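Listed in order, the protein sequences are those of chains A and B. According to my numbering, the first sequence is numbered sequentially starting from 5. According to my numbering, the second sequence is numbered sequentially starting from 217. All remarks here apply to the structure that follows.
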Amino acid sequence: MKTAFTVNGKRRAYAGPAMRRLLDVLREDLALPGTKEGCGEGECGACTVLLDGDAVVSCLVPVGQVAGRRVATVESLGRTERLGTLQEAFLAEGAAQCGICTPGMLMTASAYLRGGGTANAAEIRRGLAGNLCRCTGYQHIVRAVQKAARGSRPRREGGLGQARRPARRRR
Amino acid sequence: MPAVKRIVGQSARRREGPDKLCGAAKYVDDYRLPGCLFGATLRSTIACGRIRGIALDPAFPWSEYVVATADDIPGANHVALIENDQPLLAKDRIRHPMEPILLVAHEERAKAYAALAHVRVDYEAEAPVLDALTSTTVFKSFAIERGSLEAGFAAAEVVVEGEYRVPHQEQAYIETNGAIAWWEADGTLVTLGSLQCPHYVVKALKASFALPERKVRVVQAVTGGGFGGKEEYPNVICAHAGLLAKKAGRPVKIIYDRHEDMAATTKRHPAVVRHRTGATRDGRIVAQDVEILMDGGAYVTLSPVVLSRGTLHATGPYDCPNVRIRSRVVMTNTPPNGAFRGFGAPQTLFAAEMQIERLAQKLGLDPLTVRRRNAIREGSTLPMGQTLRESVGARGALEACARQSAYARRARECARWNRSNRRPSWRGIGMALVHHGAGFTGSGEAYLDSRAAVTLTRDGELRVLSGSTEFGQGTTTLFGQIVAETLGVPLELVTVETPDTARVPNSGPTVASRTCMMVGRLLREAALDLRSAVTGGKGRFPATTMALRAAGRRLCGGEASSTFEAVYRKPGWVSWDDATYTGDAYEAYSYGAMAVELEIDKATYEAAVRGVWIAADIGTVIHPLFAEGQVIGGVTQGLGWALLESTVYENGVMKNARFTDYTIPTALDTPPMQVRFVPAPYSLGPFGAKGVGELPMDIPAPAVAAAVRSAIGRFVDALPITPERIAQALAKDRAA
Chain A
5 MKTAFTVNGK RRAYAGPAMR RLLDVLREDL ALPGTKEGCG EGECGACTVL LDGDAVVSCL
65 VPVGQVAGRR VATVESLGRT ERLGTLQEAF LAEGAAQCGI CTPGMLMTAS AYLRGGGTAN
125 AAEIRRGLAG NLCRCTGYQH IVRAVQKAAR GSRPRREGGL GQARRPARRR R
Chain B
217 MPAVKRIVGQ SARRREGPDK LCGAAKYVDD YRLPGCLFGA TLRSTIACGR IRGIALDPAF
277 PWSEYVVATA DDIPGANHVA LIENDQPLLA KDRIRHPMEP ILLVAHEERA KAYAALAHVR
337 VDYEAEAPVL DALTSTTVFK SFAIERGSLE AGFAAAEVVV EGEYRVPHQE QAYIETNGAI
397 AWWEADGTLV TLGSLQCPHY VVKALKASFA LPERKVRVVQ AVTGGGFGGK EEYPNVICAH
457 AGLLAKKAGR PVKIIYDRHE DMAATTKRHP AVVRHRTGAT RDGRIVAQDV EILMDGGAYV
517 TLSPVVLSRG TLHATGPYDC PNVRIRSRVV MTNTPPNGAF RGFGAPQTLF AAEMQIERLA
577 QKLGLDPLTV RRRNAIREGS TLPMGQTLRE SVGARGALEA CARQSAYARR ARECARWNRS
637 NRRPSWRGIG MALVHHGAGF TGSGEAYLDS RAAVTLTRDG ELRVLSGSTE FGQGTTTLFG
697 QIVAETLGVP LELVTVETPD TARVPNSGPT VASRTCMMVG RLLREAALDL RSAVTGGKGR
757 FPATTMALRA AGRRLCGGEA SSTFEAVYRK PGWVSWDDAT YTGDAYEAYS YGAMAVELEI
817 DKATYEAAVR GVWIAADIGT VIHPLFAEGQ VIGGVTQGLG WALLESTVYE NGVMKNARFT
877 DYTIPTALDT PPMQVRFVPA PYSLGPFGAK GVGELPMDIP APAVAAAVRS AIGRFVDALP
937 ITPERIAQAL AKDRAA
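Structure follows, in structure tokens:
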């Protein structure tokens, strides 16, 4: 069976079993190892990619389902010598430690931002709740997404941890 | 005036950050080697017994596969560590479920795993020991005594007792264990893996393959989290890959899936800790009697040293003249437990801190007051006889935490909230104070004989050489900072070599909160030696590429490079006696205090953390952003252990070995945290730095349990504090 789809703006053709995981096709056939496997059952989010702009876990997507659709992986966000805005924010805020959850986290965050997500910390936490990170405790990731959402410096997160009054929620 | 802006104390960009953010960093599973096979592991299905026979299905096309058993091991069939009791592959005896018996390799990963179903192992099962309390096989025990317990309890005006139970915890790094092995034409075994301690793997491979050290090379791939879970286990998986590669004559890759990783590899040791504490009416602790039991699992692995650290931290950061601590770690027929951030200390510090809560309740004092009356300071003596000379930030951390959390005000507000029956929840605030020794225990650092080096090449390149690994903490960035600051050169001019045992010295393992304080110190010494060699003690070290090139040519003469290596030397004042277990257990301790406010739903008994405040003394903070990241990340793991993470064992094996059933904290389970550093610098740490890695794991569990007590007025003495345990605590009281 032949499946044609777009990955990071390039047209790709895949010939093989339609039930193979999109994750394996990306990593093994298309030489895009940036997408990581963390659990293989859709719980950890490390393999998150964008499918027509929506965040999906590529370990649960059979490649047959992506025929004619657009896939975007972490490799589309920027290059090491020229990082994208979200990646720069992750670097500046210490949002990547061991880095294994980072590609998935970035893809979920970029879907959140493209979907009009705001810099509200609670909303960001809800948006990222499907991606597990065992290193950071999430706070620096939340700050990075806030920073990218504002396109400027992040303010401290609200809640009880806040010494001053939390910023008013934006509509 | 320094030639460049100060680098230590600034948050430099993560060296390997851009690679990680672009998907360009190469983790072990990202390597594609030509001709590489995939390995799979056949594991025991019984907990204890004998192997009567192993039969390969004669109808299966085995000629397409490579199979290895214990009989193929050229050297010793054991995993070399402290004791050599763990077989690399089980041959006759099975001592735990999931024990490796046989290995299969094939070009396709799925086929290798599918082949396992065509191997039949005939077992003779025996009754397993599954409960540590009934085990009679003791791996290691310690006894520490100070003062007179009898006199202490005689002087006590109040006595409190408690028994505390803490469970297994899974490291849950997001990248599972994995390794690739191949054999070079000259007979060198090379392994590339996700690992913390490359030189540990060298030692294990030497033994199992009967090779001299120069024929073993271990390289660390970019590693997706460790937390101790990749301290000793890579010895097993690297040797398995090496064995299959030897038989196949091709490279072999083994990557565990999540289920296999969780069910088969090491976890935090479960423990039962019994405490009896005596105090005067004004809250001074005068006697502590502690008994610790840890479950080691089936083999010794690192249990003796985990128990040692747990034992040495068992009374908490408090003064007490009369102490007895007795501890033991025993065998059970479960997969071996091993290293996990905190390394025995979280288990015993939970119990120690809960005793402070009990004491406060009995005395009618606030727990903060009891901590203030007893917290250690310079000149205090710990139970093993160590008198603290300097850098004791316990009180500073406690006061800073009380201030920044507005502890007293919040405690009043919680009490007011709880007075009304109409509230949908109970609220509580709790606090904890802990210490954590940096580096190996006692004579451990001297025994390690650690080395680290700085090189200047003929071309003017400055290179850091160490065996310390990066797996998220920021090791490579931090080392660059220490060397750049010492030399007075911009950070960009320092490169850090990948840990490859063919190219870097043995800096000891990347564990025990020792990387910054111990290896960082060696690098500072090595950099100072390089500086004097270049400057001759006069003038500045060259700080531009051009000047470095000129200096490199002068220094190296005809050689390609000039290397300055520093070796660990025990500070003169450090004295430790392994026989009596007395003396200076750790050169320095870090200290942390944490306050946590939580809310328990009256209908569901679910506890939601509302706020977390941490104050920590880790000495001089070399990289504030990374240090804060270590604290928040470690505290999050601790919150998981306290409230969420629950392993279910059945017949000695973890039944919920997947992220669906073993839940770790998500962004929604984790509250915003406020972290403050209150440094009490250590004179022998690089620029005054101590350790930070493990400390944050020690604090959350007791702080959470204290907050639960403050909310519902009942003690929950077992972790995790699930809604069921809260319901039980409330019901027990009602029945009474």
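The beta carbon of each residue, even a glycine, is placed where N, CA and C say it ideally should be. Treat the numbers as computed from the prediction; the structure is a model and nothing was measured.
Per-residue DSSP class, three states only, for residue i
i, result
"ARG230 (chain B)", "coil"
"ARG266 (chain B)", "strand"
"LYS6 (chain A)", "strand"
"ASN553 (chain B)", "coil"
"ASP885 (chain B)", "coil"
"TRP792 (chain B)", "strand"
"PHE566 (chain B)", "helix"
"PRO316 (chain B)", "strand"
Any chain A beta carbon closer than 8 Å to residue i
i, result
"PHE687 (chain B)", "yes"
"CYS238 (chain B)", "yes"
"ASP473 (chain B)", "yes"
"THR285 (chain B)", "no"
"GLN390 (chain B)", "Before going on, a small fix: residue 390 (chain B) reads as Ile here, not Gln. Answer yes: the Cβ-Cβ gap between ILE390 (chain B) and chain A drops below 8 Å somewhere."
"GLY842 (chain B)", "According to the sequence as given, residue 842 (chain B) is Phe; it is not Gly. Output row for PHE842 (chain B): interface = yes."
"THR210 (chain B)", "Any property of residue 210 (chain B) remains undetermined from this structure, which presents chain B solely from 217 to 952."
"PHE875 (chain B)", "yes"
"MET810 (chain B)", "no"
"PRO234 (chain B)", "yes"
"ARG643 (chain B)", "no"
"THR693 (chain B)", "no"
"TYR898 (chain B)", "no"
"MET889 (chain B)", "yes"
Rounded straight-line distance, which links the Cα of residue j to that of residue i
i, j, result
"THR879 (chain B)", "ARG638 (chain B)", "32 Å"
"ALA921 (chain B)", "PRO912 (chain B)", "16 Å"
"ALA115 (chain A)", "LYS463 (chain B)", "47 Å"
"ASP347 (chain B)", "ASP287 (chain B)", "33 Å"
"GLY44 (chain A)", "LEU304 (chain B)", "27 Å"
"LEU672 (chain B)", "VAL224 (chain B)", "21 Å"
"ASP794 (chain B)", "LEU935 (chain B)", "33 Å"
"LEU946 (chain B)", "GLY644 (chain B)", "15 Å"
"GLY601 (chain B)", "ARG540 (chain B)", "12 Å"
"VAL812 (chain B)", "VAL417 (chain B)", "40 Å"
"ILE390 (chain B)", "ARG129 (chain A)", "19 Å"
"ALA831 (chain B)", "MET889 (chain B)", "11 Å"
"GLY788 (chain B)", "LEU681 (chain B)", "26 Å"
"HIS334 (chain B)", "TYR281 (chain B)", "12 Å"
Cβ-based neighbour list, residue i, same chain, cut-off 6 Å, excluding 5 preceding and 5 following
i, result
"THR691 (chain B)", "SER684 and THR731"
"VAL783 (chain B)", "ARG667"
"PRO758 (chain B)", "LEU764 and ALA767"
"ALA576 (chain B)", "PRO583 and VAL586"
Proximal residues to residue i (C-beta, below 7 Å), its chain only, five neighbours per side dropped
i, result
"ASN590 (chain B)", "ARG500, ILE501, TYR534 and ASP535"
"LYS14 (chain A)", "none"
Proximity test, Cβ basis, 8 Å: residue i and chain B
i, result
"THR84 (chain A)", "yes"
"VAL61 (chain A)", "no"
"GLY107 (chain A)", "With the sequence shown as reference, residue 107 (chain A) is identified as Pro, and Gly is not the correct amino acid for it. It does: the Cβ of PRO107 (chain A) has a partner Cβ on chain B nearer than 8 Å."
"THR39 (chain A)", "yes"
"THR112 (chain A)", "no"
"GLY130 (chain A)", "According to the sequence as given, residue 130 (chain A) is Arg; it is not Gly. Yes, contact with chain B."
"CYS139 (chain A)", "yes"
"THR1 (chain A)", "Within the shown structure, residues of chain A are numbered from 5 to 175, placing residue 1 (chain A) beyond reach of any answer."
"GLN150 (chain A)", "no"
Contacting residues, own chain, Cβ-Cβ under 8 Å from residue i (five flanking each side not counted)
i, result
"GLU324 (chain B)", "PHE254"
"GLY68 (chain A)", "MET5, THR7, ALA22 and MET23"
Quiz item: Per the contact definition of three or more C-beta pairs closer than 8 Å, is the segment 288–305 of chain B in contact with the segment 335–343 of chain B?
Solution: no
Quiz prompt | Three-pair Cβ contact test at 8 Å for the segment 481–494 of chain B versus the segment 548–565 of chain B | solution = yes
Quiz item: Hey, is the segment 424–432 of chain B in contact with the segment 77–96 of chain A, meaning 3+ C-beta pairs nearer than 8 Å?
Solution: Cβ pair count under 8 Å is below three, so no.
Quiz prompt | Stretch-stretch touch, CB-based, cutoff 8 Å, three pairs: the segment 453–471 of chain B with the segment 522–531 of chain B | solution = Judged by Cβ distances under 8 Å, the segment 453–471 of chain B makes no contact with the segment 522–531 of chain B, as fewer than three pairs qualify.
Self-check item: the segment 313–328 of chain B / the segment 487–498 of chain B touching (three or more Cβ pairs under 8 Å)
Solution: no
Self-check item: Three CB pairs or more closer than 8 Å across the segment 812–828 of chain B and the segment 109–126 of chain A
Solution: Counting C-beta pairs closer than 8 Å gives fewer than three between the segment 812–828 of chain B and the segment 109–126 of chain A, which falls short of the contact rule.
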